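A.B. asks:
Number of protein chains: 2
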Amino acid sequence: MVSSRLQKGFSRQQVANITGLSARQLNYWRRTGVIEPSSTTQGGHARYSFTDLIALKTVKQLLEQGVSLQKVRKSILALLQYLPMQQQPFSELKVIATGDVVLVFHQGVAMDALTGQEWIMEVAELEKEIVRQYPDAFQLVVEQEELFTANTDKKAS
Amino acid sequence: MVSSRLQKGFSRQQVANITGLSARQLNYWRRTGVIEPSSTTQGGHARYSFTDLIALKTVKQLLEQGVSLQKVRKSILALLQYLPMQQQPFSELKVIATGDVVLVFHQGVAMDALTGQEWIMEVAELEKEIVRQYPDAFQLVVEQEELFTANTDKKAS
DNA sequence: TTGTGACAAAAAAGTGCTTTTTTTGTAGCA
DNA sequence: TGCTACAAAAAAAGCACTTTTTTGTCACAA
Chain A
20 MVSSRLQKGF
30 SRQQVANITG
40 LSARQLNYWR
50 RTGVIEPSST
60 TQGGHARYSF
70 TDLIALKTVK
80 QLLEQGVSLQ
90 KVRKSILALL
100 QYLPMQQQPF
110 SELKVIATGD
120 VVLVFHQGVA
130 MDALTGQEWI
140 MEVAELEKEI
150 VRQYPDAFQL
160 VVEQEELFTA
170 NTDKKAS
Chain B
20 MVSSRLQKGF
30 SRQQVANITG
40 LSARQLNYWR
50 RTGVIEPSST
60 TQGGHARYSF
70 TDLIALKTVK
80 QLLEQGVSLQ
90 KVRKSILALL
100 QYLPMQQQPF
110 SELKVIATGD
120 VVLVFHQGVA
130 MDALTGQEWI
140 MEVAELEKEI
150 VRQYPDAFQL
160 VVEQEELFTA
170 NTDKKAS
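Protein chains in written order, with the working numbering: chain A, 20 to 176; chain B, 20 to 176.
Given below as structure tokens:
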């Protein structure tokens, strides 16, 4: 399928074969701005780059995870907007998708691809926060554990 | 607020003060199974453990991230179900919440707290997959880059 | 003080229906 | 082959409405 060593990019049919997407879909996505081929022949035929292939594969996965095409479209916009990388925009990224949310991991940060919001909630931090604000609370825990250890043989339950 | 060193747990009012939740909420949550106090006095009064405090703080954060209480309830069930830890069930966890989804990170794995599904999509893997299946594809990329480098001064765009 | 029950208001979730989006097919043309 | 255009079927998104859930306040009992 991928034949010539002299071609300038992948044709629609080649991309369809490689990615498992239908040629028809590729047209539609091109027209509606999901993934557009990064170059075009003089006759107006699509030529997809290797990077395009990866992007298309990514989109396919997202769809299979239940993300709607509309959200995919928005997510890709956000990706390009918030992660302005040049040559390999999608690689080195970890992506998590559940029906409604697309999350992108990059350099230890989790980002919502739709909103651009970044956050991770560390439960251990909540613990520390309580202890900082209420030192007695932790004291209490220690004492409880001591009591528990001491009374293990006495208690039946 | 946290006074005695001999008490067996935190009272409702103490928990309310520490967590910032309302006493009413704690009652309701107790009755409807969001977070139940891990022990009870003979008179039926709630006694929350330190771990309960952390769980409650976690829930509060989730609510503030826009997760509904119903989803929180389901998520907590899933958490306990899929991560059966004994003493400190919530610590060492990283949690990510966007409106509809609660994700839990534990030992390098991301899990949807609602469904228990685990996945991370590594974009770099998609890349490798393509190259594995279609070695020519990568060949093509290399050639393209060579061509690109060679023609840089010729091309205006 | 804490818990329970009752009433009420606000928030969230479910439902059925319509509209829009997406996919696919077909045909003409370069 | 591949693009365009028209068309039809399937899937998703919106919307208005109802129902459920959640929270607050109050009165009363333990």
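Backbone N, C-alpha and C define an ideal beta-carbon position, used for all residues, glycine too.
Because the structure is a prediction, the values reported are computed rather than measured.
Over what stretch of residues does the beta strand (DSSP E) that includes A116 of chain B continue unbroken?
C.D. replies: 113 to 117
A.B. asks: Is S58 of chain A near the ligand SAM, in the sense that its beta carbon is under 7 angstroms from a heavy atom of that ligand?
C.D. replies: The ligand SAM is not among the ligands present in this structure, which contains no ligands whatsoever.
A.B. asks: Leaving out five residues on either side along the sequence, give the residues of the same chain with a beta carbon under 7 angstroms from the beta carbon of Q32 of chain A.
C.D. replies: A42
A.B. asks: Indicate whether L98 of chain B and V123 of chain B have their beta-carbon atoms separated by less than 8 angstroms.
C.D. replies: Cβ atoms of L98 of chain B and V123 of chain B: closer than 8 angstroms.
A.B. asks: Compute the beta-carbon to beta-carbon distance between I149 of chain B and L72 of chain A, rounded to the nearest angstrom, for a pair I have assumed lies under 8 angstroms.
C.D. replies: Rounded, the Cβ-Cβ distance is 6 angstroms, consistent with contact.
A.B. asks: Just how far apart, CA to CA, sit K27 of chain B and A65 of chain B?
C.D. replies: 11 angstroms
A.B. asks: Nearest to L112 of chain A by CA position, among B:S30, B:Y47, B:E141, is which residue?
C.D. replies: B:E141
A.B. asks: Determine whether the Cβ of D71 of chain B lies closer than 8 angstroms to any Cβ atom of chain A.
C.D. replies: False, the Cβ-Cβ gap to chain A never drops below 8 angstroms.
A.B. asks: Leaving out five residues before and five after L96 of chain B in sequence, what residues of the same chain have Cβ atoms less than 7 angstroms from its Cβ?
C.D. replies: Nothing listed; no residue qualifies.
A.B. asks: Taking Cβ positions, are T70 of chain B and V114 of chain B nearer each other than 8 angstroms?
C.D. replies: no
A.B. asks: CB-CB under 7 angstroms to V86 of chain A, same chain, minus the five flanking residues each way: which ones, in chain order?
C.D. replies: A116, G118, V121
A.B. asks: When the distance is taken between beta carbons, is V53 of chain A closer than 8 angstroms to R92 of chain A?
C.D. replies: yes
A.B. asks: Leaving out five residues on either side along the sequence, give the residues of the same chain with a beta carbon under 6 angstroms from the beta carbon of Y67 of chain A.
C.D. replies: Cβ within range, chain order: G28, F29, V34, P56.
A.B. asks: If K79 of chain A and T38 of chain A are in contact, beta carbons under 8 angstroms, what's the gap, nearest whole angstrom?
C.D. replies: Contact flag correct, Cβ pair sits at about 6 angstroms.
A.B. asks: How long is the line joining the alpha carbons of S94 of chain B and L88 of chain B, rounded to whole angstroms?
C.D. replies: 10 angstroms
A.B. asks: If distances are taken between C-alpha atoms only, which option among B:L75, B:G135, B:Q61, B:T60 comes closest to Y47 of chain B?
C.D. replies: The closest CA to that of Y47 of chain B, considering only B:L75, B:G135, B:Q61, B:T60, is found on B:L75.
A.B. asks: What residues match up with V128 of chain A in a beta bridge as DSSP calls it?
C.D. replies: A:H125
A.B. asks: In three-state DSSP terms, what is Y47 of chain A?
C.D. replies: Residue state for Y47 of chain A is assigned as helix, using DSSP reduced to three classes.
A.B. asks: With 8 angstroms set as the bound, which would you pick, yes or no: does the beta-carbon of A143 of chain A sit closer than that to a beta-carbon of chain B?
C.D. replies: yes
A.B. asks: Give the interface partners of W138 of chain A over in chain B, defined as CB-CB distance under 9 angstroms, in chain order.
C.D. replies: Q84, I115, A116, T117
A.B. asks: So that I know if they touch, is there some Cβ in chain B lying closer than 8 angstroms to that of A129 of chain A?
C.D. replies: yes
A.B. asks: Flag this pair as yes or no: are the beta carbons of I139 of chain B and A132 of chain B separated by less than 8 angstroms?
C.D. replies: no
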